[in-house]
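Going line by line, the protein sequences match chains A, B and C. Under our numbering, think of the first position of the first sequence as 26, with each following residue one higher. Under our numbering, think of the first position of the second sequence as 935, with each following residue one higher. Under our numbering, think of the first position of the third sequence as 166, with each following residue one higher.
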Amino acid sequence: MDKHQLLLWLSIALFSLGLLGVVVRRNALIMLMCMELMLNGVNLSLVTFMNQNGQPSGGVLVFLVFVVATAEIAIAIPIVLLLVKRKRTLDLDAYTDLKG
Amino acid sequence: MGFFGAHGLLVIALLPLIGFLINGVFGTALGGTKLGKSLVTAVACGFPLAAFVLTVRIFFSLQALDYAPIVEHGYRWALIDGHTFDISFYFDRLSAVMTLIVTGVGSAIHIYSTGYMKDDKSYARFMAYLNLFLFFMLLLVLGRSMLVLFVGWEGVGLASYLLIGFWFEDAANAAAGKKAFIVNRIGDAGFLLGMFLLYQAFGTLDMDVINAAFTSATVPIVSATLVGLLLFVGATGKSAQIPLYVWLPDAMAGPTPVSALIHAATMVTAGVYLVARMSGVFAHAPEASHVIAIIGVATAFFAATIALVQTDIKKVLAYSTVSQLGFMFLALGVGAYGVAIFHVVTHAFFKACLFLGAGSVIHALSGEQDIRKMGGLARKIPVTFGTFFVATAAIAGIPPLAGFYSKDEILWYAFASPSGGSPILWGVAALTALMTAFYMFRLLWLVFFGASRVDHHVEHHIHESPLSMTSVLVVLAILSAGGGALGLAHFLEPQLALPAVPEELHHLEGTLVIVSVVLAFAGALGAWFVFGGPASRAEGLQRTFAAPHRLLSGKYFVDELYAMLFAKPLAWISENVLLKVGDRKILDGTLNGIGSLGQFASGVLGKVQNGSVHLYALFVMVGIVSALLWSWTRG
Amino acid sequence: MGAVLMLVLREPMRVALALITTMMSLGAIYGFLGVHFIAAFQVLIYVGAVMVFMVFVIMLLEVREARGNKRYSNLAVPGAMVFAMMVGVLGISVWRAMNTGAPSASPNGEAFELVPFSTAFLRDYWLQFELTTVLLVAAIVAALAVIKVHRRVPDNRVSDRSANG
């Protein structure tokens, strides 16, 4: 129990830190990496629960998260590339075109 | 006559309405052709005549019932909170008299109008409006409940407005129509208040029930004086008494048949009818009756003085009508209700005859209405002259014509009635009768006698009116002559009791009759003297009394006074307070303010979407926290 | 530890390295829990593919980036406050769940067995499996589209219509 609880605490920490990073950091790439961190945190909690309850559904979801994360990165980075080509900066505060 | 038997009164009222609908909807389409005009005429005159015939039949059945009132339940109008409002009709002696006059004289004037208005381009509209008026007037006199009466009351006001402003392309005519309607409305406020009080006290507006309640109850639930005064306010508006008479002279802007029908014979008598009908209330309201008598005689005197110097033939007759209505209210004020109604009837005969005769004169002179431009017409339009002469004599009170009987009874009761009669009232009334004779004969002389002052190009076209017009004139003249025989005051006595004259005054009756006859002849002779002789006498008189003459010609400047006291301040308030402040600032400001508020709020909220990803992510965080917190509070 | 470093480090390359270390340690944790299968995939996919890609892009874009930027966004302070709240809220949820929940089946977790897992995956959750396949196809298509746009840009250097592709 203690082990599981610790792991859950850890996953909370990872997730929150990732979200905080999305909020605080300026660089777009670093933001993407923080999102990866969030996903990792979630994965950890899923594995913990799978371990705790003995059911394989947690693992299935872990796999699906892997896939999604991969696909996401594969597309997000080219998008960032294109945007950077436009604005010539990685600073997210410059990207306020959807303002209004 | 199964259906008619059960709903005869309703049918009487509805017949002219049907005529109005047919003519109103189809009339203009038919109007152009000769055949079309005949159709319109047939409809317009046929329905009122049918109503008259039906009225006569029902009158005979009333007679057979020994004059027990016929009550017809028509239709339940509304049921609110346990209070019912019905449309029902009532036929007793008083209603019979009024209905016969309305349908009889009304039909006659319809026939006259076919001749008078036949060249007018809105002929069908005119006849339709006349029918509409008749419908509402019948509702007024046949209604059992004050509610039905009030519907008729307002309806005749509407018809009056439509007909006064009939030739509405001229703005002055439209303004006259508006004035009539608005002044009437002021009176109606009083009427409504009276009705509210009565309803609150008795829970019903049926007039016979209210009358019975007043006569039988020992302690009145509501002040009869207050109710009486309020109802009288309504009557002053409709029947042109002081202070609400100012619309009647302006109403002469309408076609002459309108003046005859509405402003002489029927509508203006609605106020008299109202007071007579509610005699139960007024009999128990001595202060209100005093007020009525005083205002009646004051109006009579006042209007007669103005009529002395008027130069438009119709205006003379208009002020004469106001004056005669004053006489009727004088009679009502001293408790002689039946006599007042008698005078209504005789007045309907001779005043309608006078107005229609004036219309005939105007028709003959191709539209001239100024009596200074008339004269010497007696030989040229003899039928008109003859009937006009008879009617003039009637109104002056020359025996044995109808006007003598009714006016004399009014003077008698003004003197001798125990409920308010006094020598002062009699004196003023007698003086007014003298003036009445004087100005009516003045009119006669100036129009029909003497050297012709008519414009030359008009003179060539002088012609007698067509048969449709002259026949009606003759009939009305005969009625004016012989109408006195009806003795209506005594006919109505079982229903409307005549005041019981104290014994000691009875011997004076004969004396007073003689005095009134003398006054009538004196007035006639005086007029002959002043106006029948060379023109210099009249002019000399005018120069001597220049200042009073100016005052009277200006109608005592009452219209100007009203404008200054009421119209201008109201207009100022409307413009400055209500328009600038109320409408623009408050209403528009509020609506615009709400719009601006919306815009402002959206501007504020819009700042959320500033395009910054960081902010959005922060919101995600905040969302998670709040969702969890919220789920905790839900347990 | 690595996670905290991620937030603090200035240069992106170093941030990437911190993330790599975090992921590797996660893989180790998975190993300790007995799910070697997932640990393997973690290292293989995440570290081996995703992070390599990221490092590559960082190196690619580093040349263009101007130095001297501020590190944190404008929303740092409110972000920190909400972060604290969130940690607290989540932590309390977990604490409550843990203390009031029924004791789990086994304190140490069952040994992870591959065969039941795979069969369960492909039998009970086949739909999700297929959907992920679709997702991958979509990702490939999107990547191709991006490449095409990317290629078109050098042709139109005069007018700036690249983003409309």
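C-beta: ideal position from N, C-alpha, C; glycine also.
Arg1313/B classed as buried or exposed, judged by whether at least 16 other C-beta atoms fall within 10 angstroms: Indexing the second sequence from 1 puts residue 1313/B at position 379. With fewer than 16 other Cβ atoms from the protein chains shown falling within 10 Å of its own Cβ, Arg1313/B counts as exposed.
Three-way DSSP call (helix, strand, coil) for Ser1157/B in this model: Within the second sequence, residue 1157/B is the residue found at index 223, counting from 1. Ser1157/B falls in the coil class under three-state DSSP.
Boundaries of the alpha helix (DSSP H) in which Glu1103/B is found, first to last residue: On the second sequence, residue 1103/B is found 169 positions in, with the first residue counted as 1. For Glu1103/B, there is no enclosing alpha helix (DSSP H), as DSSP marks it with neither H nor E.
Distance between beta carbons of Ala1232/B and Phe1372/B, contact taken as under 8 Å: The count along the second sequence starts at 1 and reaches residue 1372/B at position 438. The count along the second sequence starts at 1 and reaches residue 1232/B at position 298. Taking a contact as a CB-CB distance under 8 Å, the pair Phe1372/B and Ala1232/B does not count as one, their CB atoms being some 19 Å apart.
Contacts around Gln1258/B, its chain only, beta-carbon distance under 6 Å, and the 5 residues preceding and following it disregarded: Here residue 1258/B is taken as the residue at index 324 of the second sequence, counted from 1. Around Gln1258/B: His1281.
Buried/exposed call for Pro1334/B, threshold 16 Cβ in 10 Å: Numbered from its first residue, the second sequence carries residue 1334/B at position 400. Answer is exposed; the Cβ neighbour count stays below 16.
Contact the region 1194 to 1202 of chain B vs the region 1118 to 1138 of chain B: 3+ CB pairs below 8 Å: Output reads no: the region 1118 to 1138 of chain B does not touch the region 1194 to 1202 of chain B.
First through last residue of the beta strand (DSSP E) which encompasses Glu1427/B: Here residue 1427/B refers to the residue found at position 493 when the second sequence is read from its first residue. No beta strand (DSSP E) contains Glu1427/B, which DSSP labels as neither H nor E.
Extent of the continuous beta strand (DSSP E) run through Asp1304/B: On the second sequence, position 370 is the one that residue 1304/B refers to. Per DSSP, Asp1304/B belongs to no beta strand (DSSP E) and is neither H nor E.
CB-CB length for Ala1415/B against Val1278/B, believed under 8 Å: Position 481 of the second sequence, counting from 1, holds the residue named residue 1415/B. Position 344 of the second sequence, counting from 1, holds the residue named residue 1278/B. That belief does not hold up - the Cβ atoms of Ala1415/B and Val1278/B are roughly 18 Å apart, past 8 Å.
Members of the region 45 to 78 of chain A near chain B, C-beta cut-off 7 Å: With the criterion set as a beta carbon lying under 7 Å from some beta carbon of chain B, the members of the region 45 to 78 of chain A are Val47 and Val48, in sequence order.
Status (buried if at least 16 other CB within 10 Å, exposed otherwise) for Ala31/A: Residue numbering aside, residue 31/A sits at position 6 when the first sequence is read from its first letter. Here residue 31/A turns out to be Leu, not Ala, going by the sequence shown. Burial call: exposed.
For Ala1012/B: DSSP bridge partner residues: If you number the second sequence from 1, residue 1012/B lands on position 78. Beta-bridge partners of Ala1012/B (DSSP): Phe1019/B.
Phe1382/B to Met1262/B span [Cα, whole Å]: Mapped onto the second sequence, residue 1382/B falls at position 448. Mapped onto the second sequence, residue 1262/B falls at position 328. For Phe1382/B and Met1262/B, the distance between alpha carbons rounds to 29 Å.
Per-residue DSSP class, three states only, for Asp1000/B: On the second sequence, residue 1000/B is found 66 positions in, with the first residue counted as 1. Looking at Asp1000/B - three-state DSSP - the assignment turns out to be coil, as it is neither helix nor strand.
Neighbourhood of Gly942/B by C-beta distance below 6 Å, restricted to the same chain and skipping five residues each side: One-based indexing of the second sequence puts residue 942/B at position 8. Excluding five sequence positions before and after Gly942/B, the CB atoms of its chain that fall closer than 6 Å to its own CB belong to Ile992, given in chain order.
Whole-angstrom C-beta distance between Thr1037/B and Phe1115/B, which should lie under 8 Å: The residue given as residue 1115/B occupies position 181 in the second sequence. The residue given as residue 1037/B occupies position 103 in the second sequence. With a Cβ gap of about 25 Å, Phe1115/B and Thr1037/B do not count as contacting.
Which of helix, strand or coil DSSP assigns to Phe1216/B: On the second sequence, position 282 is the one that residue 1216/B refers to. Here Phe1216/B sits in helix by DSSP.
Where the region 193 to 220 of chain C meets chain B: residues whose CB sits under 9 Å from a CB there: Cβ contacts with chain B: none found.
Environment of Tyr1490/B [buried if 16+ CB atoms lie within 10 Å]: Taking the second sequence and counting its residues from 1, the one referred to as residue 1490/B is at position 556. So Tyr1490/B counts as exposed.
Short CB-CB distance (under 8 Å) between Leu115/A and chain C: Indexing the first sequence from 1 puts residue 115/A at position 90. Output row for Leu115/A: interface = yes.
Pro950/B versus Tyr1063/B - alpha carbon distance: As a first step, residue 950/B is located in the second sequence; it is residue number 16 there, counting from the start. As a first step, residue 1063/B is located in the second sequence; it is residue number 129 there, counting from the start. Between Pro950/B and Tyr1063/B, the C-alpha separation is close to 10 Å.
At least three beta-carbon pairs within less than 8 Å, the region 969 to 977 of chain B to the region 996 to 1010 of chain B: Cβ pair count under 8 Å is below three, so no.
Contact under 8 Å by Cβ, Ile100/A with Ala249/C: As a working note, residue 100/A is residue 75 in the first sequence. As a working note, residue 249/C is residue 84 in the third sequence. No, these two residues do not count as a Cβ contact at 8 Å.
Start-to-end residues for the alpha helix (DSSP H) that takes in Asn52/A: Taking the first residue of the first sequence as 1, we reach residue 52/A at position 27. Segment: none, Asn52/A is in no alpha helix (DSSP H) and carries neither H nor E.
Residue-chain proximity (Ile1528/B, chain C), Cβ-Cβ < 8 Å: Against the second sequence, residue 1528/B aligns to sequence position 594. It does not: the Cβ of Ile1528/B has no partner Cβ on chain C nearer than 8 Å.
Contact set for Glu1443/B: own chain, Cβ-Cβ below 7 Å, skip 5 residues either direction: Here the question's residue 1443/B lines up with position 509 in the second sequence. Only Trp1346 meet the Cβ criterion.
Which residues DSSP lists as bridging Ser1079/B, in chain order: Start at 1 with the first residue of the second sequence, and residue 1079/B comes out as number 145. DSSP lists Asp1140/B as partners of Ser1079/B.
Contact the region 1215 to 1224 of chain B vs the region 1086 to 1094 of chain B: 3+ CB pairs below 8 Å: Between the region 1215 to 1224 of chain B and the region 1086 to 1094 of chain B there are fewer than three inter-stretch CB-CB distances shorter than 8 Å, so the stretches are not counted as touching.
Length of the line joining the Cα atoms of Asn321/C and Val1538/B: The residue labelled residue 321/C in the question sits at position 156 within the third sequence. The residue labelled residue 1538/B in the question sits at position 604 within the second sequence. Note on Asn321/C: pLDDT 48, under 50, position unreliable in the model; no value is reported.
Below-8 Å beta-carbon distance, Leu182/C vs any chain E residue: Any reference to chain E falls outside this structure, whose protein chains are A, B and C.
Contact set for Gly83/A: own chain, Cβ-Cβ below 6 Å, skip 5 residues either direction: In the first sequence, counting from the first residue as 1, residue 83/A sits at position 58. The residues Leu71, Phe74 and Met75, in chain order, have a CB closer than 6 Å to that of Gly83/A in the same chain once the five nearest residues on each side in sequence are set aside.
Reference Val1225/B; option with closest CA among Gly1384/B, Ser1353/B, Ile1035/B and Leu1563/B: For the purposes of this step, residue 1225/B is taken as the residue at position 291 of the second sequence. The shortest C-alpha separation from Val1225/B is found at Ser1353/B.
Ala1238/B beta carbon less than 8 Å from that of Thr1366/B: Here residue 1366/B corresponds to residue number 432 of the second sequence, with the count starting at 1. Here residue 1238/B corresponds to residue number 304 of the second sequence, with the count starting at 1. In this structure, Thr1366/B lies near Ala1238/B, with their beta-carbon atoms less than 8 Å apart.
Whole runs of the alpha helix (DSSP H) within the region 1232 to 1306 of chain B, excluding any shorter than 4 residues: Counting only runs of 4 or more, we get 1247 to 1267 and 1271 to 1298.
Alpha helix (DSSP H) segment containing Ile102/A, residue limits: To locate residue 102/A, count along the first sequence from 1; it is residue 77. Ile102/A -> alpha helix (DSSP H) spans Ser82 to Lys112.
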